[in-house]
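Below is one structure, written out as structure tokens, with a few remarks after it.
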Amino acid sequence: MARQLFIGLITEGPTDVRFLQSVVERTFIDVAFECENDLEPYVKCLTVEKVRLSFNEYVEKASRRGMEEMGMDILCVHTDADSKDTKRAYAEKINPAKEFLSDKKGEICKSLIPIVPVRMVEAWMLADKELLKEEMGTRMSDEELGINRMPELYLDPKATIIQAIGKSNRT
1 MARQLFIGLI TEGPTDVRFL QSVVERTFID VAFECENDLE PYVKCLTVEK VRLSFNEYVE
61 KASRRGMEEM GMDILCVHTD ADSKDTKRAY AEKINPAKEF LSDKKGEICK SLIPIVPVRM
121 VEAWMLADKE LLKEEMGTRM SDEELGINRM PELYLDPKAT IIQAIGKSNR T
């Protein structure tokens, strides 16, 4: 019988959820195939209000919520690098959050997996156009959606995706 692996996911913003959840699910399924033991990953995006919370408090709240809701084994934490590399995001957010959680008591998941893209997640969405179209529920071509260029050529990937969603909703 397969052992279930409960994975929580928190993201910077709502537009990140649809794409990252699929990427995290696919990644854990690929990893599960490589394991000696039979694993069945279950990924759930955790809805956590983060207004007036520090990043550390947000991660802690998500960690506790995931434990309450599903006995979470792993918490995937997304934050954009907002830089040319991931050093600053790790130094200012990820590592302090891990340290912050290590001192906490009670029902809390301390196993964090950081997701720190150097480019906006929206740029990554444009790298896997088939997945993006699947998530949008459209069969329109890349050209019809206006997403037929290389991802790194878009100055504002988020605006491009919003326009593509608008086009797909009109059909």
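The sequence shown begins at 1 in this note's numbering and counts up by one.
Heads up, the beta-carbon is just placed ideally off N, CA and C, and yes, glycines get one too.
Source: prediction; values computed, not measured.
In the DSSP annotation of this structure, Ile7 is not part of any alpha helix (DSSP H); the continuous beta strand (DSSP E) holding it starts and ends at 3-10.
Here Ile115 carries a strand assignment [DSSP, helix/strand/coil].
Nearest neighbour of Ala123 by Cα position, chosen from Ala81, Ile29, Leu112, turns out to be Ala81. Restricting attention to Asp156, Leu5, Met70, the CA atom closest to the CA of Glu107 is found in Met70. The beta-carbon distance between Leu101 and Ser63, rounded to whole angstroms, is 6 Å. This is short enough to meet the 8 Å contact definition. When secondary structure is reduced to three states using DSSP, Ile29 falls in the helix class. Cβ atoms of Glu36 and Gln4 stay farther apart than 8 Å, at about 17 Å. Annotation for Gln163: Gly146 place their beta carbon closer than 7 Å to its own, counting only its chain and skipping 5 residues before and after.
The beta-carbon distance between Leu9 and Leu46, rounded to whole angstroms, is 7 Å. This is short enough to meet the 8 Å contact definition. Each of Val59, Arg65, Val118, Glu60 was checked against the Cα of Arg88, and the nearest Cα belongs to Val118. Secondary structure note for Pro157: it is in no beta strand (DSSP E), and the uninterrupted alpha helix (DSSP H) holding it is 157-169. Exclusion of the five residues before and after Asn56 leaves Pro96, Ala97, Phe100 as the residues of its chain whose Cβ lies within less than 7 Å of its Cβ. Excluding five sequence positions before and after Ile165, the CB atoms of its chain that fall closer than 8 Å to its own CB belong to Met136, given in chain order. Pro157 sits buried, since 16 or more C-beta atoms from the chains shown fall within 10 Å of its C-beta. Tyr154 places its beta carbon less than 8 Å from that of Leu126.
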